[in-house]
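Notes for the one structure printed next.
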Amino acid sequence: MAKVFCIDVAKCSGCYNCQFACKDEHCNNEWLPYAAKQPMTGQFWLGIEEHVEGSKPKIKIHYVPVLCNHCEDPACMKAAKNGAVYKREDGLVIIDPEKAKGQKEIAEACPYGAVFWNEELSLPQKCTGCAHLLEEGKVPRCVDVCHTGAIQFGEESEFADFIDGASVRIPESGTGPKVYYRNIPGRFIGGTLYDPVEEVVVRNAKCTLVRGDKTWETETDIFGDFWFKDLPRGKYDLSIEAAGFEGLSFKDIDTEENSVNLGDQPMNRKNQ
Amino acid sequence: MEKKITNKYKRLVSFSLMGPESGALCEVDCEDGKIIRINPYSYDKEYTDANCNPWHMEARGKTFDPPKRVNITHMGLCYKTRVYSPNRILYPMKRVDWDPEGERHPETRGISGYERISWEEAAKICANEIKRINKTYAPEAILCESDMHGEGKNVAPSHGCPNRMFSLTGGYTQQMRNMDSWEGWYWGAKHVWGCEPVGEMAPQANLIPDMAENSDGLFFWGCDPEVTPLGFGMKMPTLLCYWFTELGIKSIYICPDLNYGAAIHADKWIPVLPNTDTALQLAIAYQWLTNDTYDKEYIEKHTYGFDKFKAYVLGEEDGIPKTPKWASEKCGVPVWTIKALADYWAENKVSICHGNGGSYIRSPYATEPARLEVMLLGMQGLGNPGVHQCKLIEWNMWAANYPLPYTPEFVPAVPHICDAIRTVPGDIPSNIKMSRFPLSDAQKERAPEIVDLFEVLPGPKQYIPRCLVQTAIVDKHAEWMGMSCFATAGNPRPGNNRVPTVYDQFEKNVYPRPGMSRIHMIWSTAPCNVTCWNDGFKFQKAYRDPEIETFVIQHPWMENDCYFADLLLPVCTKHEMHDIGNDMSSGTYVSIYKEEPCIPPRGESVSDFDVCVKVLEQFGPEYVKAYTGDLSEEERVRFFYKASGCEERMSFEEWNEKKIFVVPVSKEAKDAVPGLGDFAKDPEEYPLETPTGLLEYSSSNIEKFMPEDTERPPVPHWVEKGPWHDERLSSERAEKYPLLCMSNHGRWRIHAQCDDIPWSREVETMKIKGEDGYLYEPCWLNPKEAEKRGIKHGDIVKVFNERGIVLCGAYVTERLIEQTCYVDHGSRLDPIIPGEVDRGGAINNISPTNPIGKNSTGMATSGFLCDVQKVTEEDWAEWKSKAPWAFERHYDKAFGVCVEGWMKDYENGDNYHG
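Chains as they are written, first to last, in the working numbering: chain A, 1 to 272; chain B, 1 to 914.
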């Protein structure tokens, strides 16, 4: 039996309710034996990561809630002495606030940066899955305040469909995270095509994107825009054709660092 | 008043920060006199679908149902931190430098510190000052600033209590709230389509189901559905925007910034330079006129003055055709994109969504984009299926129907005890009730116990529009058009009054009125003028004016205008009192609920109502009786419930036990004709409220009353520069101030409220940490503009023009176009040099002094010229030598500026620098 968090990034509106509800529950509130008080600021047992992709005016933003992965094989548990970190029957990983005193190694061991060091209490602290609320038959606060249903929580077996094909953070760490993500968007390449003489956009231009043996195709829309979305990171070649226009081509468009907006690109009419 | 607190319990409290009629219900868990957590309320706890008759939408094979759990915003969720904020005013405090018996030192307001005094002493000083001012000058020498944007409460409202008090002590001058949320619509759009009282499209009935079924695209023009609606305590627009996308409807955002709605919902972002929408709109009209791609038959039947409009657009009037090329140079949108937008709009059914409009309709000459928007909608058949202007906010106000297929089976009428905004008797026709919240005959019949409490007391002697208060005080004189009443018509609450119509706008007014006194004392319950209104630095100068002898503020928190007060009176939050709450606009259900104190009032704070009781006790028991009607807070809750009409449906005992009455949804609501559908079908049978009953492309009223107005002429114009404003990139001023500052509602605040939530302050779009550890208000800059100035992300920068300097933290982002900077309004003031330099990032400090136009008395708080530069070592040195105390005030690293920094004897020493 294992509890899992299932996070659909496409449904996250970036309202931060989850991050704040976590603080409402844990800052200045003590939930023994699971958690000591979280400091008023500075710790993010659940934190939102904001990702800004592209450049003006083709920008996309997505938000990724990150929290303790309640791993199958937690690194923090291995680093802990005296059984200061333990796994409950339901799979939630708990740092015992009594036994863990002074064990900074617990915080340092986490490959996801999800364990925080409380200087004042000399204590490693993190998400408890709101274990104290589960006992009352409730759900974790972050789940409860999410209007769009982007964060769900429950038994692994109930979420088999979600988990199938979902991703986890830093899979190479090999700890078996139990927080699953879907719809984290890949990179995009986009642009706008226009006729510089008539000063109108070019609709229905055929855009072909190539990377190795893979090809993507699309056409410009009523705004002269083309978008290739959800691309893996890497270098791409793009060719553009439109009836009556000289073609355009772009080599080695690099999406390693960020998505790429090629901007407004003029297409010259062919000489008649 | 004693408030009973048990050990462990839940309390229902609404989170409403914009007015008494709104609210999103929360359940507050309390233990041992402490608030533990705040949860959203679940409707399915007490109520079943059979009881609530929930509404439902279907379109294109997909459905939408209201959430069963209140979609609370982060501000309601985090409100515990505001209750326990170290910035609470817990005791009456007096400015150490102010002696009512001796020297008053107005020049040290905003500088000198405070000391704790007793309630008795505070009340005595207040009463003595009121009597002295009445005797020395006249009652109207007291300005009452008591309108809007505090916590939403009914039995002891945030605003209006002192108005009631001053009505009993002889009179006052009213600070009349200008139409701050609707400026362009009110002063502009009204002249095109009527739509009293605020000029946004009305009716709004069933727009969302109609758009879901019939619109191809939605324009979010200067609209951020993820920000502006939050003030009403709900996130329904978020869910609706996701649904529109699911239905295949395109969301097109037209705004200078990739706002928070655009960030997640936009299919297309068309950035436009701040306050240049007029040029873009004129070019769209030009494209339609020259390509013949508009609804000529509709124009024929539904409009007046179209030929004059056409002549202007085509250049027949001024020799300048409003071509896409002409517009592109002004608005920064490429010619081809303007043409594509015009084509898209002509080829598709388009509605325009708004959260009132924000900066789009709060800039210099905001009348013009507002009017043109209506005209463009008209050219594509306004009122036909899928062609509307839809509000995503304040659904309970102004119009009888919601845009959702939903109205309550009956509209509960919870009385609201105080009038925040009263008209001057005689200013408006006698058939119009002067009181904003009078008791209706039905309410009187149901609850005779409160008739005395609602006796309409004398109104104010004179008034000043809020956007001109600073000018009136500093210049000792002000003139303006209209604004004799803040519009309140159409609100579907029985008993609400009608207001003066558009004709009020053609009446000239002056301050002071002939034979009346100027202002010598100010009393405020709304101390946010320096950060929420126009030219905040001039407001600071007004508050330091030698003619202002006494300045009293009653408020829960030490912020903004408070630093200029001579006396501060502590007010409790809504979590510390009894109330009857009404959720009229969350878009889920209408409900009436019993609010009870979660904790005892902190310190010596009392409700706003009881602050005035304490002062009136000094005048005598007859004053207290007249003010309170001899009713306690709990009795008022009891009888207000009785008056609301709910008691006929649920007994008080049952309500007291359940704490909530959810009003079932009307089964007929879904049948109402969407929007202006009737007008579209038959304009003769269903005319608009304009003089001609038609859409007026040249305003017949402006033609008649002020045809010579160059800033708001009969046909809307692109105004490059006018008598009132010179805020374009073409201006000579732009050589020194080459950026257009854009300012919208704060993502993490409601106007000035909630700037001190430590948890949102950790988010970089809320505050950005400077190298000195201070959390600065972010100033967005495009990377190219930042690079030109050698500014890096996180640098401490100054945003400035002739009006002063506001410090911010540079937030370098592609989310904003070049030639622009963007700062949310409402950050808390932290004066370095009062009236000149602010560290807190209150951007309205440097917004234009003048109203949006010579004849349009609205405020312009966006679209003005400024520059942004790094703060230099010389700057710091100068400010530190001129105002060392400003850097010595205690600063809380989590909450920011706080009351401790303003106390005379705080733990780190004496901060008095008189």
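Ideal placement from N, C-alpha and C gives every residue a C-beta, glycine not left out.
As the structure is a computational prediction, the values presented were derived from the model and not from experiment.
**OP:** Give a yes or no on whether the C-beta atoms belonging to L193(A) and V201(A) are separated by under 8 angstroms.
**Re:** Within the first sequence, the letter at position 193 stands for residue 193(A). Within the first sequence, the letter at position 201 stands for residue 201(A). Contact flag set, yes.
Original post:
From the beta carbon of N118(A), is the nearest beta carbon of chain B less than 8 angstroms away?
Top reply: Position 118 of the first sequence, counted from the first residue, corresponds to residue 118(A). No - not a single Cβ of chain B is within 8 angstroms of the one on N118(A).
Original post:
Can you tell which of D561(B), K235(B), L568(B) has its C-alpha closest to the C-alpha of A842(B)?
Top reply: In the second sequence, counting from the first residue as 1, residue 842(B) sits at position 842. Distance check between A842(B) and each of D561(B), K235(B), L568(B) places D561(B) closest, using alpha-carbon atoms only.
**OP:** Report yes or no: do three or more beta-carbon pairs, one from the stretch 764-784 of chain B and one from the stretch 846-861 of chain B, lie closer than 8 angstroms?
**Re:** No, the stretch 764-784 of chain B is not in contact with the stretch 846-861 of chain B.
Subject >> Contact check, V799(B) vs V868(B), beta carbons under 8 angstroms >> reply: Reading the second sequence from its first residue, position 799 is the one you call residue 799(B). Reading the second sequence from its first residue, position 868 is the one you call residue 868(B). Yes, Cβ-Cβ distance for V799(B) and V868(B) is below 8 angstroms.
Original post:
For N259(B) and chain A, any beta-carbon pair shorter than 8 angstroms?
Top reply: To locate residue 259(B), count along the second sequence from 1; it is residue 259. The beta-carbon of N259(B) is placed no less than 8 angstroms from the nearest beta-carbon of chain A.
Subject >> Closer than 8 angstroms to chain A by CB, L948(B) >> reply: In this structure chain B extends from 1 to 914, so residue 948(B) is not present and cannot be described.
Original post:
Which chain A residues are close to R37(B), counting only those with a beta carbon under 8 angstroms from its beta carbon?
Top reply: As a first step, residue 37(B) is located in the second sequence; it is residue number 37 there, counting from the start. Those within 8 angstroms of R37(B) in chain A are D24, E25, N29, R141.
Original post:
Considering N261(A), what are the terminal residues of the beta strand (DSSP E) in which it resides?
Top reply: The residue labelled residue 261(A) in the question sits at position 261 within the first sequence. According to the DSSP assignment, N261(A) belongs to the beta strand (DSSP E) that extends over 260-266.
Subject >> Any C-beta of chain B under 8 angstroms from that of D252(A) >> reply: In the first sequence, the residue the question calls residue 252(A) occupies position 252. D252(A) does not count as touching chain B.
**OP:** For R493(B), I'd like the list of residues in its chain whose CB is within less than 7 angstroms of its CB, leaving aside the five on either flank, ordered along the chain.
**Re:** On the second sequence, residue 493(B) is found 493 positions in, with the first residue counted as 1. With a pLDDT of only 38 at R493(B), under the threshold of 50, the placement of this residue in the model should not be trusted, and no figure is reported.
**OP:** Go to C110(A), then tell me how far its beta strand (DSSP E) extends in each direction, as first and last residue.
**Re:** As a first step, residue 110(A) is located in the first sequence; it is residue number 110 there, counting from the start. Element bounds for C110(A): n/a, residue is neither H nor E.
Original post:
Taking one C-beta from the stretch 206-226 of chain A and one from the stretch 12-23 of chain A each time, how about it: are there three or more such pairs within less than 8 angstroms?
Top reply: Counting C-beta pairs with one atom in each stretch, the stretch 206-226 of chain A and the stretch 12-23 of chain A have fewer than three that are closer than 8 angstroms, which means they do not touch.
Original post:
Count the other CB atoms within 10 Å of the CB of T128(A); is the residue buried (16 or more) or exposed (fewer)?
Top reply: Counting from 1 along the first sequence, the entry for residue 128(A) is found at position 128. By the neighbour-count rule (16 or more Cβ atoms within 10 Å), T128(A) is buried.
Subject >> is_contact[N69(A), chain B] using C-beta, thresh 8 angstroms >> reply: In the first sequence, counting from the first residue as 1, residue 69(A) sits at position 69. At a cut-off of 8 angstroms between beta carbons, N69(A) makes no contact with chain B.
Original post:
At least one CB of chain A closer than 8 angstroms to the CB of P405(B): is that the case?
Top reply: The residue labelled residue 405(B) in the question sits at position 405 within the second sequence. No - not a single Cβ of chain A is within 8 angstroms of the one on P405(B).
Original post:
Grouping DSSP H, G and I as helix and E and B as strand, with all else coil, what is N534(B)?
Top reply: Position 534 of the second sequence, counting from 1, holds the residue named residue 534(B). Assigned with DSSP and collapsed to three states, N534(B) falls in coil, not helix or strand.
Subject >> Bridge partner(s) assigned by DSSP for P851(B) >> reply: Sequence index remark: in the second sequence, residue 851(B) carries index 851 (1-based). Looking at the DSSP assignment, P851(B) forms a beta bridge with M859(B).
Original post:
Any idea what DSSP makes of D221(A), helix, strand or coil?
Top reply: Here residue 221(A) corresponds to residue number 221 of the first sequence, with the count starting at 1. DSSP, read as helix, strand or coil, puts D221(A) in coil.
Original post:
In three-state terms, what does DSSP make of N497(B)?
Top reply: As a working note, residue 497(B) is residue 497 in the second sequence. With a pLDDT of only 44 at N497(B), under the threshold of 50, the placement of this residue in the model should not be trusted; the figure read from the coordinates follows. In this structure, N497(B) counts as coil in the three-state DSSP scheme.
Subject >> Residues that M176(B) bridges to, as DSSP identifies them >> reply: Here residue 176(B) is taken as the residue at index 176 of the second sequence, counted from 1. Beta-bridge pairing by DSSP links M176(B) to P465(B).
**OP:** Take G332(B) as the anchor and find which of L567(B), R728(B), F609(B) has the nearest alpha-carbon.
**Re:** Working through the second sequence from its first residue, we reach residue 332(B) at position 332. Answer by Cα proximity: R728(B).
Original post:
Are the beta-carbon atoms of Y304(B) and S700(B) separated by less than 8 angstroms?
Top reply: Taking the first residue of the second sequence as 1, we reach residue 304(B) at position 304. Taking the first residue of the second sequence as 1, we reach residue 700(B) at position 700. Yes, these two residues count as a Cβ contact at 8 angstroms.
**OP:** Quick one: grab the DSSP three-state call for Q38(A).
**Re:** The residue given as residue 38(A) occupies position 38 in the first sequence. In the structure shown, Q38(A) sits in a strand (DSSP, three-state: E or B).
**OP:** Measure the Cβ-Cβ separation of I750(B) and M176(B) and say whether it is below 8 angstroms.
**Re:** Within the second sequence, numbered from 1, the residue matching residue 750(B) stands at position 750. Within the second sequence, numbered from 1, the residue matching residue 176(B) stands at position 176. Taking 8 angstroms as the Cβ cut-off, I750(B) and M176(B) do not qualify as a contacting pair.
Subject >> Same chain, Cβ closer than 7 angstroms to I249(B), neighbours up to 5 away in sequence not counted >> reply: By one-based count along the second sequence, residue 249(B) stands at place 249. If we look at I249(B) and ignore the five residues flanking it on each side, its Cβ neighbours are S215, D216, G217, L218.
**OP:** Pull up the distance between the alpha-carbon of E764(B) and that of L77(B), whole angstroms please.
**Re:** Translated into positions along the second sequence, residue 764(B) becomes position 764. Translated into positions along the second sequence, residue 77(B) becomes position 77. So the alpha carbons of these two residues sit roughly 19 angstroms apart.
**OP:** Give the single residue among L168(B), R88(B), L567(B) whose Cα lies nearest to the Cα of R104(B).
**Re:** Within the second sequence, numbered from 1, the residue matching residue 104(B) stands at position 104. Checked all of L168(B), R88(B), L567(B); the closest Cα to R104(B) is L567(B).
Subject >> At least 3 beta-carbon pairs within less than 8 angstroms: the stretch 853-866 of chain B vs the stretch 362-379 of chain B >> reply: With three or more CB-CB distances shorter than 8 angstroms, the stretch 853-866 of chain B counts as touching the stretch 362-379 of chain B.
**OP:** Inspect the beta-carbon positions of D892(B) and P86(B) and report whether they are closer than 8 angstroms.
**Re:** Working through the second sequence from its first residue, we reach residue 892(B) at position 892. Working through the second sequence from its first residue, we reach residue 86(B) at position 86. Yes, the Cβ-Cβ distance between D892(B) and P86(B) is below 8 angstroms.
Subject >> Contact list for C76(A) against chain B, beta-carbon separation under 7 angstroms >> reply: As a working note, residue 76(A) is residue 76 in the first sequence. By Cβ distance, chain B contributes nothing, its closest Cβ being about 24 angstroms from C76(A), past 7 angstroms.
Original post:
Taking Cβ positions only, does H147(A) come closer than 8 angstroms to chain B?
Top reply: Translated into the one-based positions of the first sequence, residue 147(A) becomes position 147. Taking Cβ atoms only, chain B reaches closer than 8 angstroms to H147(A), which makes this a yes.
**OP:** Run down chain A in chain order and give the residues with a C-beta less than 7 angstroms from the C-beta of I817(B).
**Re:** In the second sequence, counting from the first residue as 1, residue 817(B) sits at position 817. Think of a sphere of 7 angstroms around the beta carbon of I817(B): the chain A residues whose beta carbon falls inside it are K56, in chain order.
**OP:** Return the first residue and the last residue of the alpha helix (DSSP H) that D993(B) is part of.
**Re:** Residue numbering for chain B in the displayed model covers 1 to 914; residue 993(B) lies beyond these limits and cannot be assessed.
Subject >> Per-residue DSSP class, three states only, for V143(A) >> reply: Here the question's residue 143(A) lines up with position 143 in the first sequence. Of the three classes helix, strand and coil, the one that applies to V143(A) here is helix, per DSSP.
Original post:
So does K339(B) have its beta carbon nearer than 7 angstroms to some heavy atom of the ligand HEM?
Top reply: The model depicted lacks the ligand HEM and carries no ligand whatsoever.
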